[in-house]
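First the structure, in the form of structure tokens, and then the observations on it.
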Amino acid sequence: MYRRSVVKKLMIIGILLLMLVGCGAEAGEETAVPTNTPTDSGMGMGGGMGMMARHMAPIPEDYAGLSNPVAADEESLARGGDLFTTYCASCHGDGGMGDGPAAATLDPAPVAIAHTSQMLGDDYLFWRISEGGQGDPFNSAMPAWGSALDEQARWDLINYIRALGSDTAPSMGGPGMGGMMGGRTYDPAAEATRQAEMLVQAIEQGVLTQAEADLFAEVHAELEANMTRGMQMQGNMGQMQAALLAQLVDLGHITQAQADQFNDIHTRLLEAELMQ
Numbered sequence: 254m255y256r257r258s259v260v261k262k263l264m265i266i267g268i269l270l271l272m273l274v275g276c277g278a279e280a281g282e283e284t285a286v287p288t289n290t291p292t293d294s295g296m297g298m299g300g301g302m303g304m305m306a307r308h309m310a311p312i313p314e315d316y317a318g319l320s321n322p323v324a325a326d327e328e329s330l331a332r333g334g335d336l337f338t339t340y341c342a343s344c345h346g347d348g349g350m351g352d353g354p355a356a357a358t359l360d361p362a363p364v365a366i367a368h369t370s371q372m373l374g375d376d377y378l379f380w381r382i383s384e385g386g387q388g389d390p391f392n393s394a395m396p397a398w399g400s401a402l403d404e405q406a407r408w409d410l411i412n413y414i415r416a417l418g419s420d421t422a423p424s425m426g427g428p429g430m431g432g433m434m435g436g437r438t439y440d441p442a443a444e445a446t447r448q449a450e451m452l453v454q455a456i457e458q459g460v461l462t463q464a465e466a467d468l469f470a471e472v473h474a475e476l477e478a479n480m481t482r483g484m485q486m487q488g489n490m491g492q493m494q495a496a497l498l499a500q501l502v503d504l505g506h507i508t509q510a511q512a513d514q515f516n517d518i519h520t521r522l523l524e525a526e527l528m529q
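Structure below.
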């Protein structure tokens with residue numbers, strides 16, 4: 254019994270060390286970190302406009318327009334879950350909310366990818382997973398996984414990441430892993446509470462009027478409700494938001510004036526560093 258207990262503990266320690274590779278390693282260490290891993294964490298690029306600059310970055314021609322060819326079926330989600338646990342959860346957390354055990358040491362912090370992936374195109378996500386965090390405006394410790402993971406693996410990862418933010422993911426951590434890294438799961442009610450608190454702050458600081466806050470909440474609710482209905486999941490966050498707002502106008506859910514006002518309010522919240 255004692256020998257089995259020791260072996261089990263050593264296996265768990267080994268798995269944890271492998272997972273931490275996903276957040277980069279110090280220069281000179283002989284680890285299985287993919288090529289093009291940044292050597293610094295990119296200071297001064299926290300939330301607000303820094304985060305938005307990354308999500309609005311133009312997608313390179315080699316990636317622009319790509320669509321996920323892998324169906325988000327049970328098999329793909331299972332493969333993606335295993336990959337996420339191995340390569341992503343130590344930084345992004347088991348639930349993809351940016352709160353893995355390594356996250357506290359990183360600047361910029363890992364994004365809450367379970368949430369943000371819902372407003373980022375297939376091409377954008379495939380690009381970022383493939384190329385990692387090197388260079389402006391990213392400057393993060395995220396490794397480039399393009400050389401370590403084949404195309405199907407990267408598409409499986411994208412399917413799983415999207416599922417984390419839409420209540421369709423299988424049990425986190427893959428078979429037998431049990432969510433070893435910890436962290437929150439995406440909770441729409443908690444996000445709605447945070448949004449309401451943000452809007453209260455915006456009114457108190459004179460960034461928005463009550464009427465503008467009400468309009469933002471109303472249009473945002475429509476965005477959330479219609480996020481993947483008949484949409485081409487392509488583009489950065491700005492392109493995705495523009496496409497979805499245009500779709501809502503076409504469907505008669507909102508007016509063009511409301512869409513324009515939403516964009517203006519969204520920009521002001523970012524500039525005031527109230528929106529993360």
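Residue numbers (the working numbering): 254 to 529.
Note that beta-carbon positions come from the ideal geometry of N, C-alpha and C, so glycine has one too.
Closer than 7 Å by C-beta to SER370: which residues in its own chain qualify, once you throw out the five before and the five after it? Chain order, please.
Closer than 7 Å at the Cβ level, and outside the excluded window around SER370, lie LEU378, ILE414, ARG415, GLY418.
Rounded to the nearest angstrom, what separates LEU359 and GLU384 at their Cα positions?
Each residue's Cα considered, the two are about 18 Å apart.
Under 8 Å: do the stretch 315-328 and the stretch 360-367 share three or more Cβ pairs, one atom per stretch?
Not touching, per the Cβ criterion.
Which stretch, first to last residue, makes up the alpha helix (DSSP H) that contains ASP526?
Correcting the residue identity first, residue 526 is Glu in this sequence and not Asp. Note, GLU526: premise wrong, no alpha helix (DSSP H); not H, not E.
At the level of alpha carbons, what is the spacing between THR508 and VAL502?
One C-alpha to the other measures close to 5 Å.
Starting from the Cα of GLN492, find the closest Cα among GLY334, PHE515, GLY374 and give me that residue.
For the set GLY334, PHE515, GLY374, the Cα lying nearest the Cα of GLN492 is the one of GLY374.
Do you know how far the Cα of GLN448 is from the Cα of PRO441?
C-alpha separation (whole angstroms): 10 Å.
Less than 8 Å between CB atoms is the rule here; does GLY418 satisfy it with respect to chain D?
Within the model displayed, chain D is absent; a lone protein chain is all it includes.
On the premise that MET528 lies in contact with MET451, defined as a C-beta separation below 8 Å, what is that separation, rounded to the nearest angstrom?
Right, their Cβ atoms sit about 6 Å apart.
Using the beta-carbon count (16 or more within 10 Å), is LEU504 buried or exposed?
Around the beta carbon of LEU504, fewer than 16 other beta carbons sit within 10 angstroms, so the residue counts as exposed.
Between ILE518 and the rest of its own chain, which residues show a CB-CB distance below 6 Å, the 5 nearest in sequence each way excluded?
For ILE518, where only same-chain residues beyond five positions count, the Cβ hits under 6 Å are GLU465, PHE469.
At which residues does the alpha helix (DSSP H) containing ASN321 begin and terminate?
Element bounds for ASN321: n/a, residue is neither H nor E.
Work out the CA separation of ASP352 and ILE456 for me, nearest whole Å.
If I take the Cα positions, the gap works out to 29 Å.
Range of the contiguous alpha helix (DSSP H) that encloses LEU501:
Residues 490-504.
Rounded straight-line distance, which links the Cα of ALA406 to that of ASP347:
Going from the Cα of ASP347 to the Cα of ALA406 covers about 18 Å.
Looking only at its own chain, which residues have a Cβ that is under 8 Å from the Cβ of GLN458, when we skip the five neighbours before and after it?
Residues ALA525, LEU527 of the same chain have their beta carbon placed closer than 8 Å to that of GLN458, with the five preceding and five following residues left out of the count.
For my contact list, MET233 and GLN487 are in at a C-beta cut-off of 8 Å; report their separation, rounded to the angstrom.
The structure shown has nothing for residue 233, since the chain only spans 254 to 529.
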